[in-house]
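Positions in the sequence shown are counted from 1; adding 646 to them yields our numbering.
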Amino acid sequence: MESLVAALPLGGAAAAAAAVGGLLAAAALAGRAGLVGPKNNGSNAPPAVPGLPLIGNLLQLKEKKPHQTFTKWAETYGPIYTIKTGASSVVVLNSTQVAKEALGEDVSSVYVEEFGKVISKEEIYQATVVDMMMCAIEVDWRDFFPYLSWVPNRSFETRVLTTEGRRTAVMRALIDQQRKRIARGEARISYLDFLLAENTLTDEQLLMLVWEAVIEAADTTLVTTEWAMFEIAKHPEKQDRLYQEIQEVCSNEIVTEDHLPRLPYLNAVFHETLRRHSPVPLVPPRFVHENTNLASYDIPAGTEMIINLFGCNMNKRDWDEPEEWKPERFLDGRFESADMYKTMAFGAGRRACAGSMQAMNISCTAIARFVQEFTWRLKEGDEEKADTIQLTTNRLYPLYVYLTPRGRK
């Protein structure tokens, strides 16, 4: 008997952050560092998107999905161009090639000394994921007009420092808790155990590596898994192909991480979902530290740069029929098996996220188990409900599906 299941939109952190209007979110990304990029009057500078005096392109970014606007501009100005956000200049990258060139244990509670109390799993998630993502799009109006940077904005500075302090306190408490468990011989083998055993990392490095793993396992993984199940339910022929692969490899065994290397189509489903529904449409700004050349354009040191992952993954020069969800594109031998950053969803090179493998293992195992146990079918009329929440790829509408048990032997 079929049952109608409503899956609430996952990745609550990004959804909460998206409550801020698109103009402010785009502006926060574009102006985060609060510095004026160097003026490049040379003939070999990237093309500039026309804007208005003083405010530049801010009004053109007033809609709630600036990554889509950036992608449309790329059709006119090419994969690399310059925009103005107030007094600041920002280079936007919309090509995978150019962008790459530029670039365990379940915890239910923990005592945080700085808080003076034991906090729950929900409070850990709030401090390490939700609050940090809200802070990431926090707006300081001085970012757009650096010549007014001397004007105090203590409320903004206080919010940022408070959020950072809470995140640091919670992560330090989690690490200390694991150290005590190791000393008592009670800890399970985990990623944190490996980092502690290295004994070469500073406390700050250890904290950041663990935090990245939490972020990827919590928000990005949930968003990707939900979109994968939407696409699988929408495409029954691809669902059948995935199920057959699981049956051939696992037979009557329950899918585990040990099976993942032998499930190439599952891996393709995961990467195609990352491409079509990039968990983070825009990568926060970075600065060029020395004069460089990208896509034949001269980029001077100090230039602020944004990578439009949505644009990179929807670029028709890089992807055939980018609007379509086609896992098969990752089976054609175009990509090296060792390349875990095909869509740059987890960064690339030295900027790669420490939690990428954890996120991939969790998401792929979950997708495989869902398909192994149930046949998925979308609620009638929901095939085109792929709208997202503002500056995120969180689903705007809940995912409703019919589930039919497969009745494994």
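The C-beta atom is built at its ideal place from N, Cα and C for all residues, glycine as well.
key: Length of the line joining the Cα atoms of Leu-868 and Leu-749   = The straight-line gap from Cα to Cα measures roughly 25 Å.
inquiry  = Are the CB atoms of Glu-721 and Ala-941 within a distance shorter than 9 Å?
reply    = Result no, Cβ atoms of Ala-941 and Glu-721 do not sit closer than 9 Å.
request  = Go ahead and pull the three-state DSSP assignment for Lys-880.
outcome  = Three-state result, Lys-880: helix.
query = When the Cα atoms are used, what is the spatial distance from Tyr-943 to Ala-691?
reply = In this structure, the straight-line span from the alpha carbon of Tyr-943 to that of Ala-691 is close to 6 Å.
query = Roughly how many angstroms separate the alpha carbons of Ile-953 and Gln-743, rounded to a whole number?
reply = Approximately 11 Å between the Cα atoms of the pair.
task = Could you check what DSSP says for Lys-711 in three-state terms: helix, strand or coil?
result = Coil at Lys-711, not helix or strand.
task = Give the DSSP bridge partners of Asn-954, in chain order.
result = Leu-928.
query = Between the region 715-730 and the region 900-911, are three or more C-beta pairs nearer than 8 Å?
reply = The region 715-730 makes no contact with the region 900-911; the number of CB pairs closer than 8 Å stays below 3.
ask   = Secondary structure at Trp-857, three-state DSSP: helix, strand or coil?
value = DSSP places Trp-857 in helix when its eight states are reduced to three.
message = Is Ala-733 close to the ligand ATP? I mean its beta-carbon at under 8 Å from any heavy atom of the ligand.
response = What this structure holds is no ligand at all, so the ligand ATP is not there to describe.
query = From Met-854, Asp-839, Phe-840, pick the residue whose C-alpha is nearest to that of Ala-810; which is it?
reply = Note that residue 810 is Glu in the sequence shown here, rather than Ala. Nearest C-alpha to Glu-810: Met-854.
task = Spell out whether any CB of chain B is found under 9 Å from the CB atom of Val-816.
result = Considering every chain present, this structure includes no chain B. It has just one protein chain.
query = If Arg-1023 sits next to Ala-879, beta carbons under 8 Å apart, how far is it from one beta carbon to the other, in whole angstroms?
reply = Confirmed, Cβ separation roughly 6 Å.
key: Classification of Asn-937 by the beta-carbon crowding that lies within 10 angstroms, buried from 16 upward   = It counts as exposed.
key: Range of the contiguous alpha helix (DSSP H) that encloses Thr-742   = According to the DSSP assignment, Thr-742 belongs to the alpha helix (DSSP H) that extends over 742-748.
query = Using 8 Å as the threshold, is the region 922-934 in touch with the region 956-970, meaning 3 or more CB pairs across them?
reply = By the Cβ rule, the region 922-934 counts as touching the region 956-970, because three or more pairs are nearer than 8 Å.
query = Closest to Val-816 by CA distance: which of Thr-846, Trp-857, Leu-909 is it?
reply = Cα-wise, what sits closest to Val-816 is Trp-857.
request  = Apply the 10 Å Cβ neighbour rule to Glu-877 and answer buried if 16 or more other Cβ atoms are within range, or exposed otherwise.
outcome  = It is buried - the Cβ of Glu-877 has at least 16 other Cβ atoms within 10 Å.
ask   = Would a C-beta distance cut-off of 9 Å place Ala-745 and Leu-955 closer than the cut-off?
value = Cβ atoms of Ala-745 and Leu-955: closer than 9 Å.
task = In the DSSP assignment, find the alpha helix (DSSP H) that holds Leu-912 and state where it starts and stops.
result = Taken as a continuous stretch (DSSP letters only), the alpha helix (DSSP H) holding Leu-912 covers 910-922.
ask   = Looking at the unbroken alpha helix (DSSP H) that takes in Arg-1015, where does it start and where does it end?
value = In this chain, the alpha helix (DSSP H) harbouring Arg-1015 covers 1002-1019.
task = Classify Ala-829 as buried or exposed, calling it buried when 16 or more other Cβ atoms lie within 10 Å of its own Cβ.
result = It is exposed - the Cβ of Ala-829 has fewer than 16 other Cβ atoms within 10 Å.
message = Can you look up Ala-1032 in the DSSP assignment and give me helix, strand or coil?
response = If DSSP states are grouped into helix, strand and coil, Ala-1032 belongs with coil.
query = Cβ of Gly-957 within 9 Å of Cβ of Ser-741?
reply = Going by beta carbons, Gly-957 and Ser-741 fall inside the 9 Å limit.
query = Taking DSSP as the reference, what is the three-state secondary structure of Gly-811?
reply = Three-state result, Gly-811: helix.
query = For Gly-732, does the count of other Cβ atoms within 10 angstroms reach 16, so buried, or fall short, so exposed?
reply = If you draw a 10 Å sphere on the C-beta of Gly-732, you find 16 or more other C-beta atoms in it, and that means buried.
ask   = Which same chain residues, not among the five before or five after Ser-1009, have their C-beta less than 8 Å away from its C-beta?
value = The answer, listed in chain order, is Thr-867, Thr-870, Thr-871, Ala-874, Phe-916.
key: Span of the beta strand (DSSP E) around Asp-966   = Taken as a continuous stretch (DSSP letters only), Asp-966 belongs to no beta strand (DSSP E), as it is neither H nor E.
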